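Data first, discussion second: the structure below is written as structure tokens.
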Amino acid sequence: SLWVGALQHVFALVLLDTTTVLGELDWKTYPVNGWDAITEMDEQNRPIHTFQVCHVMEPNQNNWLRSGWIQRQAAQRVYVELRFTLRDCNSIPWVSGTCKETFNLFYLQTDEPLPAATRFRPIDYAKVDTIAADESFTQTDLGDRVLRLNTEVREVGPVTQKGFYLAFQDVGACIALVSVKVFYKRCPSTLRNLAAFPDTVPHMDSSSLVEVRGACVENAEERDTPKLYCGADGDWLVPLGRCVCSIGHEEMDGYCRACRPGFFKAYAGNTKCSKCPPHSSSHDQAATICHCDKGFYRAIKDPSTMACTRPPSAPRNLVSLINDTALFLQWMPPSDTGGRKDITYNILCQRCDGSDGDSSVTQCEPCEPDLRFIPRPLGLTGTSVAILDFAMHANYTFHVEAVNGVTGLGLAVRSLANVSVNTHQAGPALVGVVRKDWASQNSIALSWSEVEQPPLDIVDYEVKYYEKEQEQLSYSSTRTKTPSVVVTGLRPSTVYVFHVRARTAAGYTAYSPNFEFATAAEDPDIADQGQVLVVVTASVGGFSLLVILTLFLLITGRCQGYIKARMKSEEKRRTRFHSGHVPFSGIKTYVDPDTYEDPTQAVEEFAKEIDPSYICIERVIGAGEFGEVCSGHLRLPGRMGIAVAIKTLKGGYMEQQRREFLREASIMGQFNNPNIIRLEGVVTKSKFFVCLLVCVCVCLCVFTSVFFFSLSVRRPVMIVVEYMENGALDSFLRTRDGQFTVLQLVGMLRGIAVGMTYLSEMGYVHRDLAARNILVDENLVCKVSDFGMSRVLEDDTEAAYTATGGKIPIRWTAPEAIAYGKFSSASDVWSYGIVMWEIQLHVYSCSPQVILSIEEGYRLPAPMGCPVTLHQLMLHCWQKESTQRPCFNDVLAFLDKLIINPSSLLTLVNDVQSFPDSPEDMPDYPLFISIGDWLDSIKMSQYKNNFLAAGYTTLDSISTMSIDDIRRIGVCLIGHQRRIISSIQSLRLQLHHIQQSGFQV
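Residue 1 is where the sequence shown starts when you use UniProt numbering, and the numbers rise one by one after that.
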């Protein structure tokens, strides 16, 4: 009863309550002496209407009490709450058989009240229920004034007419009807999800819900139509949809309130108003945007939540470098970026008359249009640019402008840095004819002439020379400050090739032409005497050396390798390549560091030593075989800081690990090409010795005194290379799948080919060419890296095959290298074909069974969308016979033709509809070894199980499939159906042609 009362209080609308009626009820009784109406006053002087009947002594009672006419209003189903008392028949003597303990409830619907003279007809009333008491009272209760009040609620309806009557039938009970309340349930008006829902009456069918659409509150707008459902019990169910606060307003206490001054809200939604970002403000309520303060701006594409910013200051420390025919500009970022990160740089050029290039006092005009800027003159993200094809003996003024997203807005001044460049020092060689003044068995004296009036003072000259018969093996050089030199340490009766270049304050000039001169012949008598002297000297020296080495090992045990390497170094210096020694052809010759008895000497000759204090390590970017890989900056004295990557050797290393770690640096230090990763230098000498040997010979070398001083200092060991912003090529392309055009990919391939051409001409074989070993800088320049393939780790999953004692990456390796360990430039060409395939597909994966498949003629399938010309180049690189593969020069020339004629890239492999009649002319369309490989090649590998479950396990079986077959095995997407059926059609043509040609698939 308490629950029902609470429910009625919240959800019910009362149509009648006898306890609140102040006047007479005017209810009718039939017969008149049946029910008695008794009105009493309660403590608050309010009437209490009670109806009683107690004719229990007489049989066959039929007493009726009818209410007045009750309007139903909006109700479709009403509820009647009865409060009454009932006497227990057992407490009344002599009423056996005539006393009852129940009464009946009836109702009658009418559109109008019945006339007063209308005869009462019980047959017109519909029965609702028989009402029984839960608690009854006895005569004893009456004496104690304890009455047990019963409350019963009954549902009446459905009611469809305008009103109704209630009727109560007594059949012989002793009843007191204390109160009658008539009400109906409804869902009250409410606010949900910023929408208002009105009062709603449930349907007469208690099992159905009433759908009610809400209206958004003020300053709100619909996201999804707000709905609630009214249940039969008057409660709201199943909220759907919502409203959100409009711009400039936020939700608060179920309503949308305006944003306060200093706050804003730019987007509709149920988020709170945001405080104005830095350098902006709002002064009114309901602000949708904060306006920038004076001197600050917001770009068109900047979100309203972004702080207002300003243009950057000018670039700093702009410097120019000129060398031969190339001009370089370098600068540092602005000290004030304006609060933005989207800074780019524009290069503006003027050519000025006058000797000093000062545009403020001389006549200047825009530079010639054929001036070339590498990578470009506008929109630079880096802080350097190379300029080519400039005029000689001219004055240029370059303006470097720093630009960000708000440059050009308002009245901001342009952020420019200026530098004037004089190109007098650039030009051809300054060395004329080289002459031989005299020659001996081991020396040649040279002199040369200078050009008249050189534009800059010559600092010194560099003379490079090599034996004519050993042109491709070794080079040497020497320097002199005068236009003459005596070259010593030569072999008798040998022809040498010399070429000379000058060095000015601006750098080196071009080389002179080649000049060939021979040393004098050796005298036989002197040779014999020399041999005797060598034997004697060797005997005495050998004895002394034995004593020295014995004492040395007893004292330190550490300088033996160092002394031995020093003794050998001078002898081998004539036949080895020195760092920076470039032949006249412009291509170095690679020297294997393993040919050095002391690998440390190779590092000293080929790599520049860097003071660790010049290196600033900023963060760890990866892990290498020997330690961590970090990024940072290298700041050498007199030079701008540059971004670098630092490979470190982890602590506790052994000497062998140190040598292996530095071996790659001694290889990289020999290369100088824009498409080869550049070595900046090394931090080495983790242990060095200063050994002082003083030998005093007394009495014809009978007594020898030896003093050793050893100093050991531990330093960090690092390899410092240029920093490549975009990392490895394979992961770079995988994360940007579909963002590059075919022509851009061909440009990347060309860069790799340039680097490999350079390595090939040097005589270096990479052996591990793969997309993972190609690094990409911020300008999308691809550079070959990773020259340490011989140190593949035991747990390297790519090194799955062992040949001649070392692991090799078989998935990228030529057949002859896999089978016989035979590596060459031709095996690098095979790997280059795999790199082409990786770049086209971006993701490469296959199993070790590919070794046997290659022997059987299998080649990787063409990726979807691959141009036919590129796939033909891949197949050419994958010729089984290494002599039939192209060299890198041929690959580079072929790619240049494609770039010049981009239309040749339009025909795709999957567009080929027919094949030539001759097998020799057939374009070697890729054959697949399994259903899985075929689906992988067209990027439909998710359907492998569908094909296998349907019994399609061979190429022949899928070649007969139709579009209906594709649908039947569970391929539902139309785009996937078309891709698969298109590939099947192409494969069908290929299989047919091969079978017609007499081949077996």
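Think of the CB as a built atom: it goes at the ideal place given N, C-alpha and C, for glycine as much as any other residue. The structure presented is a predicted model; accordingly, all values stated were derived computationally and were not measured.
(message) What does DSSP give as the partner residue(s) for Leu-327 in the beta ladder?
(response) The sequence position of residue 327 within the sequence shown is 327, counting from 1. Per DSSP, the beta-bridge partners of Leu-327 are Ile-322 and Ile-387.
(request) Look at Glu-58 and Thr-98 and say whether their C-beta atoms are less than 8 Å apart. (result) The residue you call residue 58 lines up with position 58 of the sequence shown. The residue you call residue 98 lines up with position 98 of the sequence shown. Yes. Within cutoff.
(request) Mind checking who Trp-934 pairs with in its DSSP beta bridge? (result) What you label residue 934 is simply residue 934 of the sequence shown in a count that begins at 1. Trp-934 is not bridged to any residue.
(request) Indicate the three-state DSSP secondary structure (helix, strand or coil) for Glu-838 in the structure shown. (result) Start at 1 with the first residue of the sequence shown, and residue 838 comes out as number 838. Three-state DSSP puts Glu-838 in a helix.
(message) Contact defined as beta carbons within less than 8 Å: I believe Ala-520 pairs with Ala-439. What is the distance between those atoms, to the nearest angstrom?
(response) In the sequence shown, counting from the first residue as 1, residue 520 sits at position 520. In the sequence shown, counting from the first residue as 1, residue 439 sits at position 439. The pair is a contact, with the Cβ atoms about 5 Å apart (cut-off 8 Å).
(message) Beta-carbon within less than 6 Å of Pro-593's beta-carbon, same chain only, minus the 5 sequence neighbours each way: which residues are those?
(response) Start at 1 with the first residue of the sequence shown, and residue 593 comes out as number 593. Excluding residues up to 5 positions away in sequence, Pro-599, Ala-602, Arg-663 and Ser-666 lie with their Cβ nearer than 6 Å to the Cβ of Pro-593 in the same chain.
(request) Count the CB pairs spanning the region 460-471 and the region 494-502 that are closer than 8 Å, and state whether there are at least three. (result) Yes, they touch.
(message) Rounding to the nearest angstrom, what Cα-Cα distance links Ala-386 and Tyr-764 in this structure?
(response) Position 386 of the sequence shown holds residue 386. Position 764 of the sequence shown holds residue 764. Answer to the nearest angstrom: the Cα atoms are 29 Å apart.
(request) Report buried or exposed for Asn-404, applying the criterion of at least 16 other Cβ atoms within 10 angstroms of its Cβ. (result) As a working mapping, residue 404 is identified with position 404 in the sequence shown. Taking every protein chain shown into account, the CB of Asn-404 has 16 or more other CB atoms within 10 angstroms, so this residue is buried.
(request) Look at the alpha carbon of Arg-659 and the alpha carbon of Ile-899, and state the distance between them as a whole number of angstroms. (result) Locating residue 659 in the sequence shown gives position 659, counting from the first residue. Locating residue 899 in the sequence shown gives position 899, counting from the first residue. The straight-line gap from Cα to Cα measures roughly 43 Å.
(request) Decide if Asp-224 is buried, meaning its Cβ has at least 16 other Cβ atoms within 10 Å, or exposed. (result) Start at 1 with the first residue of the sequence shown, and residue 224 comes out as number 224. Flag for Asp-224 reads exposed.
(request) Count the other C-beta atoms from every protein chain shown that fall within 10 angstroms of the C-beta of His-55, then say buried if there are 16 or more, exposed otherwise. (result) Working through the sequence shown from its first residue, we reach residue 55 at position 55. Counting Cβ neighbours within 10 Å, His-55 comes out buried, since at least 16 surround it.
(message) Here's the rule: buried if 16 or more other CB atoms are within 10 angstroms of the residue's CB, otherwise exposed. What is Leu-15?
(response) Position 15 of the sequence shown, counted from the first residue, corresponds to residue 15. Burial of Leu-15 is indicated by the presence of at least 16 other C-beta atoms within 10 angstroms of its C-beta.
(message) Given a cut-off of 8 Å on the beta-carbon distance, is the pair Val-485 and Ala-607 in contact?
(response) If you number the sequence shown from 1, residue 485 lands on position 485. If you number the sequence shown from 1, residue 607 lands on position 607. When the beta-carbon positions are compared, Val-485 and Ala-607 stay at least 8 Å from each other.
(request) Give the straight-line distance between the Cα atoms of His-876 and Val-781, rounded to the nearest whole angstrom. (result) Start at 1 with the first residue of the sequence shown, and residue 876 comes out as number 876. Start at 1 with the first residue of the sequence shown, and residue 781 comes out as number 781. One C-alpha to the other measures close to 25 Å.
(request) Under 8 Å by Cβ, that's how I've got Ser-280 and Cys-292 pegged, so tell me the actual separation to the nearest angstrom. (result) For the purposes of this step, residue 280 is taken as residue 280 along the sequence shown, with counting starting at 1. For the purposes of this step, residue 292 is taken as residue 292 along the sequence shown, with counting starting at 1. That pair is a contact at about 5 Å.
(request) Rank Thr-344, Lys-28 and Asp-965 by C-alpha distance to the C-alpha of Thr-118 and give the top, closest one. (result) Counting from one through the sequence shown, the residue named residue 118 turns up at place 118. Out of Thr-344, Lys-28 and Asp-965, Lys-28 has the C-alpha closest to the C-alpha of Thr-118.
(request) Within the same chain, show all residues whose beta-carbon is closer than 7 Å to that of Asp-129, passing over the 5 residues directly before and after it, in chain order. (result) Locating residue 129 in the sequence shown gives position 129, counting from the first residue. Within the same chain, Cβ atoms closer than 7 Å to the Cβ of Asp-129 are found at Leu-105 and Arg-154, the five residues on either side in sequence being excluded.
(message) Quick check on this structure: which residue in Glu-222, Gly-231, Ala-314 and Leu-191 has the alpha carbon closest to the alpha carbon of Gly-254?
(response) As a position in the sequence shown, residue 254 is number 254, starting the count at 1. Here the closest residue by C-alpha is Leu-191.
(message) Under 8 Å: do the region 154-171 and the region 75-84 share three or more Cβ pairs, one atom per stretch?
(response) Segments in contact, yes.
(request) Identify whether Asp-129 lies in helix, strand or coil by the three-state DSSP scheme. (result) Along the sequence shown, one-based indexing puts residue 129 at 129. In the structure shown, Asp-129 sits in a strand (DSSP, three-state: E or B).
(message) Taking DSSP's pairing of strands, which residues face Val-403 in a bridge?
(response) The count along the sequence shown starts at 1 and reaches residue 403 at position 403. DSSP output for Val-403 lists Thr-344 as bridge partner(s).
(message) When you compare the CB positions of Ser-831 and Trp-812, do they come within less than 8 Å of one another, or not?
(response) What you label residue 831 is simply residue 831 of the sequence shown in a count that begins at 1. What you label residue 812 is simply residue 812 of the sequence shown in a count that begins at 1. Taking 8 Å as the cut-off, the Cβ atoms of Ser-831 and Trp-812 count as close.
(message) Helix, strand or coil, according to DSSP, for Val-746 in the structure here?
(response) Against the sequence shown, residue 746 aligns to sequence position 746. Helix.
(message) Using a Cβ-Cβ cutoff of less than 7 Å, which residues in the same chain neighbour Asp-342 once the five nearest sequence positions on both sides are dropped?
(response) Reading the sequence shown from its first residue, position 342 is the one you call residue 342. Closer than 7 Å at the Cβ level, and outside the excluded window around Asp-342, lie Asn-404 and Gly-405.
(message) Taking contact to mean 3 or more Cβ pairs, one atom from each stretch, closer than 8 Å, check whether the region 637-646 and the region 715-730 are in contact.
(response) Flag = yes, the region 637-646 and the region 715-730 touch.
(message) With the cut-off set at 8 Å, would you say Pro-278 and Pro-312 are in Cβ contact?
(response) Here residue 278 refers to the residue found at position 278 when the sequence shown is read from its first residue. Here residue 312 refers to the residue found at position 312 when the sequence shown is read from its first residue. No. Outside cutoff.
(request) Kindly list the residues whose CB is nearer than 6 Å to the CB of Leu-743, restricted to its own chain and excluding five residues on each side of it in sequence; keep chain order. (result) Along the sequence shown, read from residue 1 onward, the residue named residue 743 stands at position 743. Cβ neighbours of Leu-743 beyond the five flanking positions: Pro-902.
(message) Rounding to the nearest angstrom, what Cα-Cα distance links Asp-956 and Gly-738 in this structure?
(response) Along the sequence shown, read from residue 1 onward, the residue named residue 956 stands at position 956. Along the sequence shown, read from residue 1 onward, the residue named residue 738 stands at position 738. Taking the Cα positions, Asp-956 is about 32 Å away from Gly-738.
(request) Could you tell me which residues DSSP puts in a beta bridge with Arg-635? (result) Position 635 of the sequence shown, counted from the first residue, corresponds to residue 635. Note: Arg-635 sits in no beta bridge, so no partner.
(request) Enumerate in chain order the residues of its own chain whose CB-to-CB distance from Cys-187 is below 6 Å, with the five nearest sequence positions on each side excluded. (result) Along the sequence shown, one-based indexing puts residue 187 at 187. Residues Thr-200, Cys-230, Gly-234 and Trp-236 of the same chain have their beta carbon placed closer than 6 Å to that of Cys-187, with the five preceding and five following residues left out of the count.
(message) If the criterion is Cβ atoms closer than 8 Å, does the pair Phe-264 and Cys-290 meet it?
(response) Walking along the sequence shown from the start, residue 264 turns up at place 264. Walking along the sequence shown from the start, residue 290 turns up at place 290. Contact: yes.
(message) Going by DSSP, what residue range makes up the beta strand (DSSP E) through His-499?
(response) What you label residue 499 is simply residue 499 of the sequence shown in a count that begins at 1. For His-499, the enclosing beta strand (DSSP E) starts and ends at 495-504.
(request) Could you check the C-alpha separation between Lys-650 and Val-891 for me, to the nearest Å? (result) For this step, residue 650 is matched to residue 650 along the sequence shown. For this step, residue 891 is matched to residue 891 along the sequence shown. Straight-line Cα distance between these residues: approximately 40 Å.
(message) At the level of alpha carbons, what is the spacing between Val-754 and Ile-677?
(response) In the sequence shown, the residue the question calls residue 754 occupies position 754. In the sequence shown, the residue the question calls residue 677 occupies position 677. Straight-line Cα distance between these residues: approximately 12 Å.
(message) In whole angstroms, give me the CA-to-CA distance for Val-159 and Val-180.
(response) Here residue 159 refers to the residue found at position 159 of the sequence shown. Here residue 180 refers to the residue found at position 180 of the sequence shown. One Cα belongs to Val-159, the other to Val-180, and the distance between them is close to 18 Å.
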